[in-house]
Amino acid sequence: MPISFFRSMTADPSTIAERLVVKAKFRDGLQDIYIGLTFVLCAAVEALPYAKRAIFPQGSTALDVAFIVISIVLCSLFVVYTVRSKGAAKWVRERYLIERSGYVEQKLNKRKLLRYFLVAFAAFLPLAIAALFLFPAHSDRGLSTATGLMFCGLDAWIAWFGRVFRFAIYSVLSAASAIFLAVTSIDIAAPLSIFFAFLGLVMVFSGFIVLLLFIRRPAEREA
Amino acid sequence: MSKKIQGLAEIDRIIHEPARLMIIALLATVNEADFQYLHLATGLTKGNLSVHLSKLEEAAYIVIEKSFRGKYPLTICRLTGQGREAFDNYRKVIKAAL
Chain A
419 MPISFFRSMT ADPSTIAERL VVKAKFRDGL QDIYIGLTFV LCAAVEALPY
469 AKRAIFPQGS TALDVAFIVI SIVLCSLFVV YTVRSKGAAK WVRERYLIER
519 SGYVEQKLNK RKLLRYFLVA FAAFLPLAIA ALFLFPAHSD RGLSTATGLM
569 FCGLDAWIAW FGRVFRFAIY SVLSAASAIF LAVTSIDIAA PLSIFFAFLG
619 LVMVFSGFIV LLLFIRRPAE REA
Chain B
835 MSKKIQGLAE IDRIIHEPAR LMIIALLATV NEADFQYLHL ATGLTKGNLS
885 VHLSKLEEAA YIVIEKSFRG KYPLTICRLT GQGREAFDNY RKVIKAAL
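Note that the protein sequences, when read in sequence, are chains A and B.
Heads up, the first sequence is in my numbering, so the first residue is 419 and it goes up one at a time.
Heads up, the second sequence is in my numbering, so the first residue is 835 and it goes up one at a time.
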């Protein structure tokens, strides 16, 4: 029983409750799939100009038009996904998972979200500036290293705060890929896309495994 | 300092019980939650949770809405304004004393 959480009378019960809410949010793996797919789409959008240069180095007006159309489609897909995916996750939870996970309506604390965003941005900015100074010839490599280190921190925070231990693995993978991108001598065309695609696919795969294990658990009802 | 310690004597005993404190703290961080969620999050048995929810409802700290999802009962719990105020006061007293 998590009453042991309350053994320390100095612990703030609200913090403990928030920890349980975060843990519940990541319990069924849907959140991992959602974040992972976002990363994969980011990677696709980011990789498009590199793909164009690599596949058709000569270029032509028709190809330019085709790539603009593909870019617009991909960006529209990204927008539709961003707008609709939360609703889709909610629908899947309500239809298939609610008997296992229970129903909870999260409170949207905009001030707290803004604070988290500012903290993440404040952590990212010095990393990005340092990376740009360290890799003046490869600014995209420096940027992907900074991004990797920032996501390492974010994943570590989720792993620690919500006790979601697979996020500790994501954190290590983020840091490892960021360091690899920083020190490798291999000429990588789109480092940020590779970082997002790698981490996104890992998260989608891991999320599906967690979801399958969660669905296989017997459903409990109130009575 | 002694006044702060003496404040503990007037602590809200409905909230002070660890299981109820857990329920109130959970409901304070969300808009609403059902019985199943509270059961999983608190780790309390269903009988125990039911008793504590009833006590919190009697004190008007939470509202309980009972309905059905298909053939199965659905119990939604929500913290009231009075419950939120009591929880905030409880936190202030504990923080001041410790």
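All C-beta atoms in this analysis are idealised placements derived from N, C-alpha and C, irrespective of residue type, glycine included.
- With respect to chain A, the C-beta atom of B/Q840 has no partner C-beta closer than 7 angstroms.
- Secondary-structure assignment with DSSP links B/R903 through a beta bridge to B/Y906.
- Distance check between B/L872 and each of B/N865, B/A862, B/N882, B/I857 places B/I857 closest, using alpha-carbon atoms only.
- In the displayed model, B/I896 falls within a strand according to three-state DSSP.
- The beta-bridge partner set that DSSP reports for B/D846 is empty.
- Per DSSP, reduced to three states, the secondary structure at B/E851 is coil, with no helix or strand assignment.
- Of the other Cβ atoms in all chains shown, fewer than 16 fall within 10 Å of the Cβ of A/L531; this residue is therefore exposed.
- Residue contact check for A/A435 against chain B: a CB pair falls below 7 angstroms.
- In this structure, the straight-line span from the alpha carbon of A/E512 to that of A/R445 is close to 14 angstroms.
- For A/G520, at least one C-beta of chain B is nearer than 7 angstroms to its own C-beta.
- Contact between the segment 617 to 631 of chain A and the segment 842 to 851 of chain B is not established, with fewer than three Cβ pairs separated by less than 8 angstroms.
- The C-alpha of A/V501 is placed about 25 angstroms away from the C-alpha of A/I627.
- Neighbours of A/Q449 in chain B, taken as residues at a C-beta separation under 8 angstroms, are lacking, since the least C-beta distance is about 16 angstroms.
- A/R529 sits in a helix when the DSSP states are folded into three classes.
- Put simply, the CB of B/T879 is far from chain A, with every gap to its CB atoms at 7 angstroms or more.
- Judged by DSSP in its simplified three-state form, B/A867 adopts strand.
- With fewer than three CB-CB distances shorter than 8 angstroms, the segment 438 to 456 of chain A does not count as touching the segment 470 to 490 of chain A.
- Note that the C-beta distance between A/G566 and A/A538 is not below 7 angstroms.
- Residue range 448 to 473 is occupied by the alpha helix (DSSP H) that includes A/Q449.
- Contact check for B/N882 and A/E523: beta-carbon distance about 24 angstroms, past the 8 angstroms limit, so the pair fails to qualify.
- In this structure, DSSP gives B/R912 an extended state, which the three-state scheme calls strand.
- Per DSSP, A/V582 lies in no alpha helix (DSSP H) segment and is marked neither H nor E.
- Between the alpha carbons of A/L599 and A/A564 lies a gap of roughly 10 angstroms.
- When rounded, the separation of the alpha-carbon atoms in A/A594 and A/F569 is 11 angstroms.
- For B/N865, the residues of chain A that pass the 9 angstroms Cβ criterion are V522, E523, Q524, K525, L526, in the order they occur in the chain.
- Contact note: A/V582 does not reach chain B at a C-beta cutoff of 7 angstroms; the least C-beta distance is about 14 angstroms.
- Taking C-beta atoms as the reference points, A/L459 and B/A875 fail to come closer than 7 angstroms.
- In this structure, the beta-carbon distance from A/A461 to A/S611 falls below 7 angstroms.
- In chain order, L860, A875 make up the part of chain B whose C-beta sits under 7 angstroms from the C-beta of A/L438.
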